[in-house]
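What follows is a short report on a single structure.
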Amino acid sequence: MKKMTIVLSILILFSMLSACSTDSTPQQSDNSKAIQNFNASAYPIVNEKITLKLMGSKSPLQGPWDQMMFFEEMERMTNIHFEFETPDDSAYQEKKNLTFASGNLPDVFFGGKLSSFDQFNYGKQGLLIPLEDLIDKYAPHLKALLDKDPSIRKAITAPDGHIYALPQVSNISRDIMSLRTYLNAEWMEALGNPKLPETTDELLELLKRFRDEDPNRNGKKDELPLSFNNVKGDSLHDARAYLMPAFGLLEDRYNQSRLQVEGDKVSAVFLSDSYRQFLTYMNKLHAENLLDAEIFTHTDQQLKAKGQEDRIGMTFQAAPFLIYNVDVANVEANAKYPLVLPLTSPINDKKLFSPNPHIVTGTFAITQKNKYPEATIRWVDYLYTSEGFMLGNQGIEGEAWKWRDESKTVWDRLVPEGMKANEFRAKNTPDVGTPIPLLKSKELNDKQSDVLAAILNEQAEKLTAFAKSPMPLLFLTEEEENRINILKNDLLIYISQMEAKFVLGKEKLENWDEYLATLKKLNVDEYVEIYQRAYDRWKKAE
């Protein structure tokens, strides 16, 4: 029996070695054939058409990816065809995790929403391949971008020194300063166009006038001086982003860590006395009926309905028409809504604004299954050019947009009758609703003929003077990520619950020390220390 077992083991080993040998021969042949088929600089990228499997996150706004003019034009240019697997946003995260766990990988993640953990963890396992050498050899436009702005390279380089995924980069002010503070134009006119607030005290007085002077002129006490979106699970998110800076604090809108860096020291915003002052202010707004009592419960649709009923005085949005009762096509009416610039407070005299990061990481990666990495990196490199931006952002020239004349100083969207501009864009490209690898050009964006977009961009430009990033984009090691996920879950749930209680007066701010003591028990010091280590690594990186 023992002899038979040994013989069986030898046979199994022999069959495994034979399989390995058999598998290696075609692979070498395929690689040789791929190299012969590949053009290192000219188009098409490959002489004979190749097919790659692509996985990405599909927004509900979008049509089928295999029918988008973006992919059709890219295939015509490059000879690279894709087969698509595009789960809806709501199911994508689970599907992505299952894909990595099963090893049944696509060739490419595009619009892949790969977290820093995904990049580092699956990169170390060899499921995602390093891209830096491919970039140096075959992606001249991306390489030039990384050389010009080293902060981008730092943001996408994992702790082991490799780049496993590519970013979307934007220098368009409207992207970076995405949400802004608007006042109700009709209410301001009804009050005689008072001076725009510049301090938290001045804002308080204006909101009181909204409450008391019937600015919607309906004879009812139904005004909501301040209302905003209830971000699921984090109802005060927008208030922290746009009112908390008045108290000298910034909202980390990318890492969502609730931390900030001052003088190379990472600190927890939610532990500071300035944060307590912010909550005190929000509590005062609530106590004096200046804050919509339903901000912790209402839906986006309910908020929109309040705006359409002319009940909201001030809000945080990307444009007035998204809330107020004004048509998107009415440029003049939208332009009337006053923009509130950052405020100061009795404890802070510096105007600050929490911007979105200009980099979205994890939008594109190449997996170990891809037999054509050189061709694939050349394919994506086109999206870091001006022409690639217009194709990826709008669609095909002459079909989705066109230059107004030969001077190429203004371009117009070509939107079919009966369709909205973004609805048409969402049929053309996944860039509507899904961050894709792209260099978004401010120069080209500013040349569009959309007057309202120009106005909104001009408003966003005004905020750039006050913008300050609270934290750089950081990579955590696998061990750190696992520990942070445990700590962050408990910490942020508790902080969110206490924010609501403090603001609504269900917990007295006099009990602040008890709140701090509970955070200590939830290992807040370890939480900060982990991010400090990650920041120190980022600081040392070249």
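Using mature numbering (1 follows the signal peptide of the UniProt record, and there is no 0), the letters of the sequence shown map in sequence onto residues -19 to -1, 1 to 523.
C-beta: ideal position from N, C-alpha, C; glycine also.
As the structure is a computational prediction, the values presented were derived from the model and not from experiment.
Practice task
Could you tell me the distance, in whole angstroms, from the CA atom of F447 to the CA atom of I377?
Solution key: 37 Å
Practice task
Mind checking who D156 pairs with in its DSSP beta bridge?
Solution key: Its beta-bridge partners do not exist; DSSP assigns none.
Practice task
Measure the C-alpha to C-alpha separation of N470 and N463 and round it to an integer number of angstroms.
Solution key: 11 Å
Exercise for the section: Kindly list the residues whose CB is nearer than 6 Å to the CB of A356, restricted to its own chain and excluding five residues on each side of it in sequence; keep chain order. Expected result: F19, I26, V27
Exercise for the section: Report buried or exposed for D386, applying the criterion of at least 16 other Cβ atoms within 10 angstroms of its Cβ. Expected result: exposed
Practice task
Helix, strand or coil for P319, going by three-state DSSP, please let me know.
Solution key: In this structure, DSSP gives P319 a state outside helix and strand, which the three-state scheme calls coil.
Exercise for the section: Work out the CA separation of D141 and L286 for me, nearest whole Å. Expected result: The question names Leu, but residue 286 in the sequence shown is Ala. If I take the Cα positions, the gap works out to 50 Å.
Problem - Cutoff 7 Å; reference W519; Cβ partners in own chain excluding five residues on either side - result: K135, P453, L455
Practice task
Entirely within the segment 391 to 419 and at least 4 residues each: give me those alpha helix (DSSP H) ranges in chain order.
Solution key: 402 to 409
Practice task
Within 10 angstroms of the Cβ of L497, are there 16 or more other Cβ atoms? Answer buried if so, exposed if not.
Solution key: exposed
Practice task
Would you mind reading off the limits of the alpha helix (DSSP H) that contains G104?
Solution key: Its alpha helix (DSSP H) spans residues 97 to 105.
Problem - Span separating the alpha-carbon of M58 from that of G84 - result: Cα to Cα, M58 sits roughly 31 Å from G84.
Practice task
Give every residue of the same chain whose Cβ lies closer than 6 Å to the Cβ of S97, excluding the five residues on either side of it in the sequence, and list them in chain order.
Solution key: Around S97: F456.
Handout entry: Same chain, Cβ closer than 8 Å to P319, five either side skipped, listed in chain order
Key = Y163, L164, A166, M169, L177
Handout entry: From D273, A146, D130, N337, residue whose alpha carbon lies closest to that of Q100
Key = If we check each option's Cα against that of Q100, A146 comes out closest.
Practice task
Can you give me the Cβ contacts of R155 inside the same chain, cut-off strictly under 6 Å, excluding the 5 residues immediately before and after it?
Solution key: L437, N438, A441
Practice task
Starting from residue 583, trace the alpha helix (DSSP H) both ways and give me its first and last residue.
Solution key: Past the boundaries of the shown model lies residue 583; the chain is included only from -19 to 523, so the question cannot be answered.
Exercise for the section: Measure the C-alpha to C-alpha separation of V307 and G486 and round it to an integer number of angstroms. Expected result: 35 Å
Problem - C-alpha distance - residue 528 paired with K521, whole-angstrom precision - result: The structure shown does not extend to residue 528, since the chain spans only -19 to 523, so no value can be given for it.
Exercise for the section: Determine the direct distance from the alpha carbon of R257 to that of A402, and round the result to whole angstroms. Expected result: 43 Å
Practice task
Below 6 Å CB to CB, which residues in the same chain sit around Y103 once its five sequence neighbours on both sides are set aside?
Solution key: F81, L109
Exercise for the section: Can you tell me which of S71, N409, L468, A434 puts its alpha carbon nearest to the alpha carbon of M55? Expected result: N409
Exercise for the section: Run the CB neighbour count on Q375, radius 10 Å, all protein chains shown included, and call it buried at 16 or more, exposed below. Expected result: buried
Exercise for the section: Would you mind listing the beta strand (DSSP E) stretches within the segment 216 to 290 that are 3+ residues and don't spill past its ends, in chain order? Expected result: 240 to 243, 246 to 249
Problem - Any beta strand (DSSP E) of 3 or more consecutive residues that is wholly inside the segment 110 to 151 - result: 147 to 151
Practice task
Apply the 10 Å Cβ neighbour rule to A507 and answer buried if 16 or more other Cβ atoms are within range, or exposed otherwise.
Solution key: First, the residue type needs correcting, since residue 507 is Glu and not Ala in the sequence shown. For E507, the number of other beta carbons within 10 angstroms of its own is below 16, and it is reported as exposed.
Problem - Three-state secondary structure (DSSP) of S326 - result: In the three-state reduction of the DSSP assignment, S326 falls in the strand class.
Exercise for the section: Leaving aside the five residues before and after D291 along the sequence, list all residues of the same chain whose C-beta is less than 6 Å from its C-beta, in chain order. Expected result: N197, N306
Exercise for the section: Could you check the C-alpha separation between I153 and Y223 for me, to the nearest Å? Expected result: 19 Å
Problem - Unbroken stretches of the alpha helix (DSSP H), 4 residues or longer, contained in the segment 341 to 389 - result: 354 to 362, 367 to 374
Problem - DSSP-derived helix/strand/coil call for P87 - result: coil
Handout entry: Coarse secondary structure for R161, derived from DSSP in three states
Key = strand
Exercise for the section: Taking 8 Å as the cut-off, decide whether the C-beta atoms of S216 and I276 are in contact. Expected result: yes
Practice task
Would you kindly work out how many angstroms separate the C-alpha atoms of Q9 and Q17, rounded to a whole number?
Solution key: Its pLDDT being 34, under 50, Q9 is placed unreliably in this model, and the value from its coordinates should be taken loosely. Rounded to whole angstroms, Q9 to Q17 spans 12 Å at the Cα level.
Practice task
Tell me whether D233 is buried or exposed, calling it buried when 16 or more other Cβ atoms sit within 10 Å of its Cβ.
Solution key: So D233 ends up on the buried side.
Practice task
Tell me whether N311 is buried or exposed, calling it buried when 16 or more other Cβ atoms sit within 10 Å of its Cβ.
Solution key: With fewer than 16 Cβ atoms within 10 Å of its Cβ, N311 is classed as exposed.
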